[in-house]
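K.L.:
Numbering (the numbering used here), first residue to last: 2 to 333.
Where a beta carbon is used, it is the ideal one built from N, C-alpha and C, also for glycine.
None of the values given here were measured: they were computed from a predicted structure.
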Ligand code: SF4
């Protein structure tokens, strides 16, 4: 039996594309590439959605963590960024390269994606799709069942492994045909309808740009980006201030050796903050961090007390909180 690898994001389109090919008697193995920038509606993340989908389809799932390679691509993508910090073309090349490795390892003959012609401006144009395939070394081997009839026949179609007549001709950003297909297939719960990537978010992209600009794009630093307000307090130092109890707890949990951590005293509740980088040996840097975080204390008092934890020592400092205007100067 012919085998194919389907790139499953956990969204509806890749689920439908997989189902269309399974219905033609092809053995399909799902592959999910774990990116640090997945943004699903569900807090659990795309990898759980991909597991849900593969369980529903009753097919095996291979999860591949591409975080490290992704960060390398993100630092300087050969084909540039989209409207935000989304390097879509290089990202797709990376995923198809990884999928090709899986294809070879598992003895599969082609790849399936849920891409729809014209749905995304950067990577889902006809010319971009071709360039991506070429650069990934899989030219003609990527079948996009939802748009196949609008595209050049692929190797699996030419070889007769799949029947082109049973493929579809969906294009554009509308979702109606996919919704109708979902109904026909009785697919009711597709938790991540159009997929999602934090790199298309302008505010998140600003933070990524700041990390790249300061040569700090590491997984440890990326993990902080989803929490709190971010302040650049020196070329080599950042402060992240929690917006709520959840952020405060997350920041506490993400502390690394060498980080500074600031918390309110028991009498004056408020935000906690994590500082990372160089320069906190200097008292002035610690006071600057204290002035910033105390801006977000509940008491709005003229002088705030803050507990500063740094290099195993604990000190309580008293500072005049920054005004909103002073705070804004450091905001990323
Ligand atoms: S939106 Fe994000 S995950 Fe999707 S192709 Fe672009 S960079 Fe990759």
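Consult DSSP for residue 140 and reduce its assignment to one of helix, strand or coil.
P.N.:
Counted from its first residue, the chain shown places residue 140 at position 139. Reduced to three states, the DSSP call for residue 140 is coil.
K.L.:
Do you know whose CA, among 15, 297, 200, lies nearest residue 113's CA?
P.N.:
Taking the first residue of the chain shown as 1, we reach residue 113 at position 112. Scanning 15, 297, 200 for the CA closest to the CA of residue 113 turns up 15.
K.L.:
Any chance the CB of residue 8 is under 6 Å from a heavy atom of the ligand SF4?
P.N.:
Stepping through the chain shown from its first residue, residue 8 is reached at position 7. The answer is no for residue 8.
K.L.:
Nearest-angstrom Cα distance between residue 152 and residue 126?
P.N.:
Position 151 of the chain shown holds residue 152. Position 125 of the chain shown holds residue 126. Approximately 11 Å, taken between the alpha carbons.
K.L.:
In whole angstroms, what separates the C-alpha of residue 43 from that of residue 36?
P.N.:
The count along the chain shown starts at 1 and reaches residue 43 at position 42. The count along the chain shown starts at 1 and reaches residue 36 at position 35. Confidence at residue 43 is low in this model, with a pLDDT of 43, below 50, so the placement of that residue should be treated as unreliable; the coordinate-derived value is given next. So the two alpha carbons sit approximately 16 Å from each other.
K.L.:
Mapping the DSSP letters down to three states, classify residue 196 as helix, strand or coil.
P.N.:
As a working mapping, residue 196 is identified with position 195 in the chain shown. Residue confidence is low: residue 196 scores 48 on pLDDT, short of 50, so the model does not pin down where it sits. Its coordinate-derived value is still stated next. Reduced to three states, the DSSP call for residue 196 is coil.
K.L.:
Is it the case that the Cβ atoms of residue 262 and residue 310 are separated by a distance below 7 Å?
P.N.:
The residue labelled residue 262 in the question sits at position 261 within the chain shown. The residue labelled residue 310 in the question sits at position 309 within the chain shown. Yes. Within cutoff.
K.L.:
Residue 30 and residue 4 look like a contact to me (Cβ under 8 Å); what is the Cβ gap, rounded to whole Å?
P.N.:
Counting from 1 along the chain shown, the entry for residue 30 is found at position 29. Counting from 1 along the chain shown, the entry for residue 4 is found at position 3. Indeed, because the Cβ distance is near 7 Å, the residues count as touching under 8 Å.
K.L.:
How is residue 43 classed by DSSP in three states: helix, strand or coil?
P.N.:
By 1-based counting over the chain shown, the position of residue 43 is 42. Because the pLDDT at residue 43 is just 43, under 50, the model does not fix this residue reliably, and the value given afterwards should be weighed accordingly. Of the three classes helix, strand and coil, the one that applies to residue 43 here is coil, per DSSP.
K.L.:
Using three-state DSSP, classify residue 280 as helix, strand or coil.
P.N.:
Here residue 280 is taken as the residue at index 279 of the chain shown, counted from 1. Shown here, residue 280 sits in coil according to DSSP, grouped into three states, outside any helix or strand.
K.L.:
In the DSSP assignment, what are the bridge partners of residue 271?
P.N.:
For the purposes of this step, residue 271 is identified with residue 270 of the chain shown, where counting begins at 1. 298, per the DSSP bridge assignment.
K.L.:
Is it true that the CB of residue 295 sits closer than 7 Å to the CB of residue 270?
P.N.:
Along the chain shown, read from residue 1 onward, the residue named residue 270 stands at position 269. Along the chain shown, read from residue 1 onward, the residue named residue 295 stands at position 294. Contact flag unset, no.
K.L.:
Would you list the one or two residues that DSSP bridges to residue 310?
P.N.:
Counted from its first residue, the chain shown places residue 310 at position 309. Answer by DSSP bridge pairing, in chain order: 262, 315.
K.L.:
Any idea if residue 50 is buried or exposed, counting beta-carbon neighbours within 10 angstroms, 16 or more meaning buried?
P.N.:
Position 49 of the chain shown, counting from 1, holds the residue named residue 50. The residue in question, residue 50, is buried, as its Cβ has 16 or more Cβ neighbours within 10 Å.
K.L.:
Residue 136 and residue 67: beta carbons closer than 7 Å?
P.N.:
Locating residue 136 in the chain shown gives position 135, counting from the first residue. Locating residue 67 in the chain shown gives position 66, counting from the first residue. No, Cβ-Cβ distance for residue 136 and residue 67 is not below 7 Å.
K.L.:
With respect to the beta strand (DSSP E) encompassing residue 7, which residues constitute its N-terminal and C-terminal limits?
P.N.:
Stepping through the chain shown from its first residue, residue 7 is reached at position 6. Counting along the chain, the beta strand (DSSP E) containing residue 7 begins and ends at 4-8.
K.L.:
Under the criterion of a Cβ to heavy atom distance below 6 Å, does residue 201 qualify as lining the ligand SF4?
P.N.:
Here residue 201 corresponds to residue number 200 of the chain shown, with the count starting at 1. Yes, the Cβ of residue 201 comes within 6 Å of a heavy atom of the ligand SF4.
K.L.:
Taking the beta strand (DSSP E) that residue 86 falls in, what are its first and last residues?
P.N.:
The sequence position of residue 86 within the chain shown is 85, counting from 1. No beta strand (DSSP E) contains residue 86, which DSSP labels as neither H nor E.
K.L.:
Could you give the first and the last residue of the continuous beta strand (DSSP E) run that contains residue 231?
P.N.:
Taking the chain shown and counting its residues from 1, one reaches residue 231 at position 230. Start and end: 230-235.
K.L.:
Can you grab the Cα-Cα spacing for the pair residue 156 / residue 103, in whole Å?
P.N.:
For the purposes of this step, residue 156 is identified with residue 155 of the chain shown, where counting begins at 1. For the purposes of this step, residue 103 is identified with residue 102 of the chain shown, where counting begins at 1. Taking the straight line from one Cα to the other gives about 18 Å.
K.L.:
Does DSSP put residue 28 in a helix, in a strand, or in coil?
P.N.:
Sequence index remark: in the chain shown, residue 28 carries index 27 (1-based). Residue 28 falls in the strand class under three-state DSSP.
K.L.:
Output the distance between the C-alpha atoms of residue 134 and residue 257, rounded to the nearest integer angstrom.
P.N.:
Residue numbering aside, residue 134 sits at position 133 when the chain shown is read from its first letter. Residue numbering aside, residue 257 sits at position 256 when the chain shown is read from its first letter. Taking the straight line joining both Cα atoms gives about 40 Å.
K.L.:
Can you tell which of 118, 175, 98 has its C-alpha closest to the C-alpha of residue 138?
P.N.:
Position 137 of the chain shown, counted from the first residue, corresponds to residue 138. Minimum Cα distance to residue 138 is reached at 98.
K.L.:
Report yes if the C-beta of residue 124 is less than 6 Å from at least one heavy atom of the ligand SF4; otherwise report no.
P.N.:
The residue you call residue 124 lines up with position 123 of the chain shown. Flag set: Cβ of residue 124 near the ligand SF4.
K.L.:
Measure how close the beta-carbons of residue 62 and residue 19 come, nearest whole angstrom, since I'm counting them as under 8 Å.
P.N.:
By one-based count along the chain shown, residue 62 stands at place 61. By one-based count along the chain shown, residue 19 stands at place 18. Beta-carbon to beta-carbon, residue 62 and residue 19 are separated by about 11 Å, too far to satisfy the 8 Å threshold.
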